[in-house]
Every structure is written in structure tokens, then in C-alpha cells.
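The next block holds one structure in the form of C-alpha cells; read it before the comments.
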Amino acid sequence: MSENRRPIPPPSRMVRKFLEYKASEDPTLYFPSQARSPRSSETDWPQTPFSEGYFFFYGTLMDSSTLAKVLQLSEPPQMRPARVIGYTTKLWGKYAALVSGKPFQPIDGLAYEIRLREEWDRLRAYHSDHYDLVPILIDFLDTGEQEVEGFAFEWRGDPEELRNGSFSLEKWLQERNLTGSK
């Protein structure tokens, strides 16, 4: 969660039941509770309903082989060069964390379109409780399309755990190959 936002209190049990009922009436809505990490509780809120769309990646998931493993794809996905505005990245250990930045500050990364609920769930499961799935506007650098609505994982953990620095995909891949992790 960004430093300027207060946590949203969970809705009452009655409101959660109402939302679950409404989601059961409309198959396009989906509250993916099974994809939450083991430390998350069923009452964590808000839960973002499933929607097809582009996900913006700015860290380890920019590696197509890593994304293919997470999504359980048979071959590496074709990702598109993309940019988001108004964010910056910091480091959580050796991993990138997206946080609110200056108003016109760009972050370059890659985007991939998620079309299946199962892929959405796998992405949510891959990220720890330290990240929130948030709506975001994505600009594609390969076509000049502007402000496509999509999603990204934003840091919601303790800001004191982050340090200044930038994530290097090349360095991360080299370290991963040296340690033999795949």
C-alpha cells in the first residue's frame, strides 16, 4: 500500500455475503480467494474481481520463462514493451516493488494479456501478502496505444522494508543461473 493511503477496513459479513451473491449472479465477477497466500485471511479486503486484461510487470516476471512457469504455459509468452506513469520502483531485498512516485515519473516494463481466471489466480498466488493487485493505466511502447486499463502488483508492505535502487533483470537472471535455480 502506498504511504499516503489508509488501509480500508474489511466490509461487514453482511456486505461480503451480498457481494458474493452478486458475483454468483454475474459470471464475469470473480473474487479469487483460493489464490491468496497462506498468510492471507478470507476477510482480507478489497478483493479484485476477475477481469481479462493486461498485467504490467516490472520485476522478475519480465523474464518470459519465469512468467511461463508461474502461469503454467507450455511456451514463453509474447510480452509487449510498456510504461506506466506516476510510479517508481524500490527494492525489497533483490526484488522490485512498485510504489507511488512523482506525477509524471515513468516506469518501463512489459505487459501481458491475461485471459483466463486460472492465470489470474496463479499471478495472485505468486505474489506475497506484501503486494496488492491494483488497476493501472498502461501505455504500450510498441504501438503508441495510450492508457489501456490494466493491472499491476503494488507494494503494500512496510515501507521501511524497501530501499532505494533499481531492479536489473539481467543481473537477476545471471544470479539465478549461477545458483542453478530455474
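For the sequence shown, position 152 (counting from the first letter as 1) is numbered 152 according to full-length UniProt numbering, and the numbering increases by one without interruption. The C-beta atom is built at its ideal place from N, Cα and C for all residues, glycine as well. On a predicted model such as this, the values are computed, not experimentally measured, just so you know.
Tell me the rounded alpha-carbon separation between residue i and residue j.
{"i": "residue 210", "j": "D108", "result": "Since the first residue shown for the chain is 1 and the last is 182, residue 210 is missing from the structure and cannot be characterised."}
{"i": "N177", "j": "P106", "result": "29 Å"}
{"i": "G101", "j": "Q174", "result": "28 Å"}
{"i": "T60", "j": "K171", "result": "11 Å"}
{"i": "F56", "j": "S128", "result": "17 Å"}
{"i": "V84", "j": "E161", "result": "23 Å"}
{"i": "H130", "j": "D158", "result": "8 Å"}
{"i": "I136", "j": "E149", "result": "6 Å"}
{"i": "T66", "j": "P103", "result": "31 Å"}
{"i": "W155", "j": "K94", "result": "14 Å"}
Rounded to whole angstroms, how far is the Cβ of residue i from the Cβ of residue j, which I believe are closer than 8 Å?
{"i": "V70", "j": "R124", "result": "With 8 Å as the limit, V70 and R124 do not qualify as a contact, their Cβ atoms being about 10 Å apart."}
{"i": "T167", "j": "A111", "result": "The residue asked about is misnamed: residue 167 is Phe in this sequence, not Thr. Not a contact, Cβ separation roughly 16 Å."}
{"i": "F151", "j": "D132", "result": "In fact, because the Cβ distance is near 10 Å, the residues do not count as touching under 8 Å."}
{"i": "P81", "j": "A68", "result": "Actually they are not in contact, since the Cβ atoms of P81 and A68 sit about 18 Å apart, beyond 8 Å."}
Residues in the same chain with beta-carbon distance under 7 Å from residue i, minus the five sequence neighbours each way, listed in chain order, please.
{"i": "Q146", "result": "D139"}
{"i": "T88", "result": "V99, G101, Q105, I107"}
Given that a residue counts as buried once 16 or more other Cβ atoms are within 10 Å of its Cβ, and exposed if not, what is residue i?
{"i": "Q34", "result": "Caution is warranted here: a pLDDT of 35 is assigned to Q34, below 50, making its placement in the model unreliable, and no coordinate value can be reported."}
{"i": "E119", "result": "buried"}
{"i": "F50", "result": "buried"}
{"i": "D63", "result": "buried"}
Checking the sheet assignment: what are the DSSP bridge partners for residue i?
{"i": "P81", "result": "L110"}
{"i": "T88", "result": "V99"}
{"i": "Y131", "result": "W155"}
{"i": "R163", "result": "L91"}
Apart from the five residues on each side of it in sequence, which residues of its chain come closer than 8 Å, Cβ to Cβ, to residue i?
{"i": "N164", "result": "K90, L91"}
{"i": "E52", "result": "E113, I114, R115"}
Just to confirm my understanding: we take residue i, look at its own chain, exclude 5 residues before and 5 after, and list those with CB closer than 6 Å. What are they?
{"i": "E113", "result": "Y54"}
Kindly indicate if chain C contains any beta-carbon less than 8 Å away from that of residue i.
{"i": "G150", "result": "Reference to chain C is not applicable here, since this structure consists of a single protein chain."}
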